[in-house]
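Chemist: There's a structure below that I have some questions on.
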Amino acid sequence: MAHSSKIMMLVILSVRSLLQISSAQASIRNDSLAQILTVKEKQMFDAITQGNRKKAQLLMGQDYFTINADGTTQGKDEVLKNIEKFKGATYQLSNQKIRIYGTTAIINGKAKFYLKYILVAEIFYTQIWAFRHNKWQYVGWQGTMTGWPTYYASILTAIALVTIISLILLFTGYLKKQVKRI
């Protein structure tokens, strides 16, 4: 009985050790995959903001589909056709989280897009990547605006000021006419 208990204890400890090693290996594997996906994500953002159709086409899967922050949807061909409109934009990524599920990866994050140092969009995004044909392919995007870009507030302030000044000028002109009547 004592001998069988010792054997059972050794079996349990061995299995536990194997599980810990397996878990550590999976963690290392996911960390290296996350690094690869981070590089792929940067390559994709660079291709788009450089208007580089060839680079983007190599990274995208044939079934790529996007739901943009403005509510429009597009497939791969339409995105590639219009990619030049993003040329010259810059971006800043933050809050990225990468989750890997076998041959599928989901990247969530926040992106700020700039034209000539002016923030034109700030979005939360979800990217979908699929491992096919021995490489990671970009197959999906969904963006959601976080709020108005910074220049909107400046435009609204300018419109409000012009409106207030116009009303003041109208009112003072009206008062001058009234004073002349008296």
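Counting with mature numbering (1 follows the signal peptide of the UniProt record, and there is no 0), you get residues -26 to -1, 1 to 156 for the letters of the sequence shown.
For every residue, glycine included, the Cβ atom is placed at its ideal position computed from N, Cα and C.
Fair warning: this is a prediction, and the values are worked out from it, not measured in the lab.
Report the option in H107, F98 and N108 whose CA atom is closest to the CA atom of G121.
Modeler: F98
Chemist: Between the stretch 63 to 82 and the stretch 36 to 43, do at least 3 Cβ pairs fall closer than 8 Å?
Modeler: no
Chemist: Distance, Cα to Cα, L135 vs W115?
Modeler: 39 Å
Chemist: Contact defined as beta carbons within less than 8 Å: I believe A21 pairs with L33. What is the distance between those atoms, to the nearest angstrom?
Modeler: 6 Å
Chemist: Helix, strand or coil for A8? Go by DSSP, reduced to three states.
Modeler: helix
Chemist: From this set, S6, L54 and I139, which residue's C-alpha is nearest K28's C-alpha?
Modeler: L54
Chemist: Relative to the C-alpha of T64, which candidate in Q31, I102, M(-19) and Y91 has its C-alpha closest?
Modeler: Y91
Chemist: Could you check if residue 171 is buried or exposed, using at least 16 other CB atoms within 10 Å of its CB as the buried criterion?
Modeler: Missing from the structure shown is residue 171; the chain here goes from -26 to 156 and no further.
Chemist: Does the pairing of the stretch 65 to 74 with the stretch 140 to 150 give three or more beta-carbon distances under 8 Å?
Modeler: When Cβ pairs closer than 8 Å are counted between the two stretches, the stretch 65 to 74 is seen not to touch the stretch 140 to 150, the count staying below three.
Chemist: If we count the other Cβ atoms within 10 Å of its Cβ and call it buried at 16 or more, is L11 buried or exposed?
Modeler: buried
Chemist: In chain order, what residues of the same chain have a beta carbon less than 7 Å from the beta carbon of S(-23), not counting five sequence neighbours either side?
Modeler: none
Chemist: Using CA coordinates, which residue listed in D51, L67 and T47 is at the minimum distance from E15?
Modeler: Of all alpha-carbon atoms in D51, L67 and T47, the one lying nearest the alpha-carbon of E15 is that of L67.
Chemist: Between G25, F87 and Y112, which lies nearest to G49 when the distance is taken from Cα to Cα?
Modeler: Y112
Chemist: Name, in chain order, the residues that DSSP records as bridge partners for F19.
Modeler: Paired residues: none, contrary to the question.
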